[in-house]
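Encoded as structure tokens, the structure appears first; notes follow it.
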Amino acid sequence: MNNSLLLEVKNLQVYFPIYGGVIQKKIAEVKAVDGVSFSLHRGETLGIVGESGCGKTTVGRAIINVLRHVSPDVHLGGEVLFHDKNGEIHNLLHLNTKSMIPFRSKIQMIFQDPYSSLNSRLSVKQIVSEPLEIHNSGMSAAEINDKVLWLLEKVGLQPEYSSRFPHEFSGGQRQRIGIARALATNPELIICDEPVSALDVSVQAQVINLMEDLRDEFGISYLFIAHDLSVVHHISKRIGVMYLGNMVEVGEADDVYFNPKHPYSKALLSSVPNPDPKQKGKKRIVLSGDIPNPLNKPSGCSFRTRCPIAQESCSISIPELTAKENQLVACPLV
Ligand SMILES: Nc1ncnc2c1ncn2[C@@H]1O[C@H](COP(=O)(O)OP(=O)(O)OP(=O)(O)O)[C@@H](O)[C@H]1O
Ligand code: SF4
Ligand SMILES: [Mg+2]
């Protein structure tokens, strides 16, 4: 694996304004992502885990720089640094739509529900060839056709299916179409947002295997967002754990999965059935209380209202990621 840096996310902040009243003025803000940092190397998979609403999808959308289309007055802070193959570094976070064009082909995103993310009125061939046409690849119609058939074969779909429509396929096959579409522009990074969560378990394994094969063949990096910790552990080289807009732990997949250090990661991972005999007998940690409302986050460490080892000092400042043995952990009391 090529060990060079591809992406650095530094102190990323995404605050969505909330409007209210008759004149729709800003009354509050959701700190969906509040100072997240991580890096990703070429050919590497970084898994991101955390409960619903912790900001995983927002991190992905900040990287592909589409948040302003969703929420025009969103506050974006920090940096999303893309390292290109020539060694140049580009901060994508504040690029306008036109300046983003060269990076759109290098960074693709695939989604949980391949049905709603594929245009149902287009044939598979049209769906997969669309990015090649949009990115003005300079290819002739015949070359595009050949590439589409090659891509379908790469993702394990029969080329004869290219004139069919998304509804004629199973969920797993539809996700393969989504992957072929993402691969069309030879991306360097694919952000995978819960790509197998909607699929049956047996189909999940096939799609994961395919994604691993494609990563190894083409040297693609994945940012792999998912709820299922065993899937994330299987595919990822490193794992980051998020809680309420913050990254609370990052490290090698085995270290975070088998030996989590942050109290939140410990609780999250204790809920996974563990086949390792050394780990058997470990008690499941049940967290008390609900996740706080992101509109009204606790001061200091946002986990403190549920943390079994919280102390008064935890309300003062947001803990930063600090090296603890093999991992980076955002808790001074670990
Ligand atoms: N456009 C928006 N406007 C206002 N708030 C938003 C917007 N998009 C997301 N949020 C809020 O930001 C927070 C993070 O949302 P996000 O979708 O990133 O979470 P997630 O970790 O992907 O959750 P899930 O696992 O359910 O997909 C949530 O509180 C969500 O309600
Ligand atoms: S900083 Fe305090 S509240 Fe936060 S995880 Fe550590 S001990 Fe728990
Ligand atoms: Mg999400």
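Numbering that gives the first Met the number 0 puts the sequence shown at residues 0 to 333.
Every residue gets a Cβ at the ideal spot worked out from N, C-alpha and C, and that includes glycine.
Predicted model, so just to flag it, every value in this text is computed and none were measured.
Cutoff 6 Å; reference residue i; Cβ partners in own chain excluding five residues on either side
i      : result
Leu320 : Leu327 and Ala329
Glu324 : none
Pro318 : Cys300, Ala329, Cys330 and Pro331
Residue i versus residue j: straight-line alpha-carbon distance, rounded
i      : j      : result
Lys260 : His82  : 31 Å
Phe15  : Val247 : 21 Å
Arg303 : Ser314 : 7 Å
Gly334 : Leu11  : Missing from the structure shown is residue 334; the chain here goes from 0 to 333 and no further.
Val231 : Pro158 : 31 Å
Cys306 : Ala225 : 23 Å
Tyr160 : Lys124 : 9 Å
Glu211 : Leu94  : 31 Å
Lys97  : Ile88  : 18 Å
Ala61  : Val13  : 8 Å
His68  : Asn185 : 25 Å
Ser122 : Ser162 : 5 Å
Val32  : Thr56  : 10 Å
Ile189 : Val255 : 23 Å
Val48  : Ala141 : 42 Å
Ile126 : Ala204 : 24 Å
Val271 : Gly52  : 20 Å
Glu311 : Gly34  : 22 Å
Glu251 : Asn258 : 10 Å
Arg120 : Ser70  : 27 Å
Asn85  : Pro101 : 14 Å
Contacts around residue i, its chain only, beta-carbon distance under 8 Å, and the 5 residues preceding and following it disregarded
i      : result
Gln17  : Looking at the sequence shown, residue 17 is not Gln but Ile. Taken in chain order, the residues that qualify are Lys25, Ile26, Ala27, Glu28, Val29 and Leu294.
Ser128 : Ile143, Asn144, Lys146, Val147 and Ala183
Arg173 : Pro113, Tyr114, Leu117 and Pro165
Ser196 : Gln111, Ala225, His226 and Asp227
Glu132 : Ile143
Met138 : Leu131 and Lys146
Ser136 : Ile143 and Thr184
Gly170 : Pro113, Tyr114, Ala197, Leu198, Asp199 and Val202
Near ligand 2: residue i beta-carbon under 7 Å from a heavy atom
i      : result
Ile308 : yes
Leu39  : no
Leu332 : yes
Cys53  : no
Arg214 : no
Pro318 : yes
Pro291 : no
Phe302 : yes
Pro262 : yes
Cβ-heavy atom distance, residue i to ligand 3, below 7 Å
i      : result
Asp192 : yes
Thr56  : yes
Beta-carbon contacts of residue i that lie in its chain and below 7 Å, excluding the five residues immediately before and after
i      : result
Phe37  : Val8, Leu45, Gly239, Met246 and Val249
Ser316 : Gly299
Ala286 : In the sequence under discussion, the amino acid at residue 286 is Leu, which differs from the Ala named in the question. Within the same chain, Leu286 has close Cβ partners Ala266 and Arg305.
Lys296 : Lys30 and Leu243
Tyr263 : Val240, Tyr242, Val247 and Phe302
Leu150 : Val127, Ala179, Leu182 and Ala183
Bridge-paired residues (DSSP) for residue i
i      : result
His40  : Leu4
Ser220 : Leu188
His89  : Phe81
His74  : Tyr14
Ile238 : Gly46 and Gly250
Gln174 : According to DSSP, Gln174 bridges with nothing at all.
Ile106 : Leu188
Asn144 : Looking at the DSSP assignment, Asn144 forms no beta bridge with any residue, so it has no partner.
Gly19  : Lys24
Beta-carbon proximity of residue i to residue j, cut-off 8 Å
i      : j      : result
Arg175 : Leu156 : yes
His377 : Arg180 : With the chain running from 0 to 333 in the structure shown, residue 377 is simply not present.
Met108 : Ile178 : no
Pro194 : Val202 : no
Val73  : Leu80  : no
Leu92  : Met99  : no
Ala43  : Lys236 : It should be noted that the sequence gives Glu, not Ala, for residue 43. The answer is yes: Cβ separation under 8 Å.
Gly59  : Asp192 : yes
Leu39  : Leu213 : no
Ser269 : Ile290 : no
Residue i CB to nearest heavy atom of ligand 1 below 7 Å
i      : result
Phe110 : no
Val270 : Sequence inspection shows Ser at residue 270; the Val mentioned does not correspond to that position. No, since every heavy atom of ligand 1 falls outside the 7 Å radius drawn around the Cβ of Ser270.
Phe15  : yes
Gly19  : no
Proximity test, Cβ basis, 8 Å: residue i and chain B
i      : result
Ile100 : This model lacks chain B altogether, as it is built from one protein chain only.
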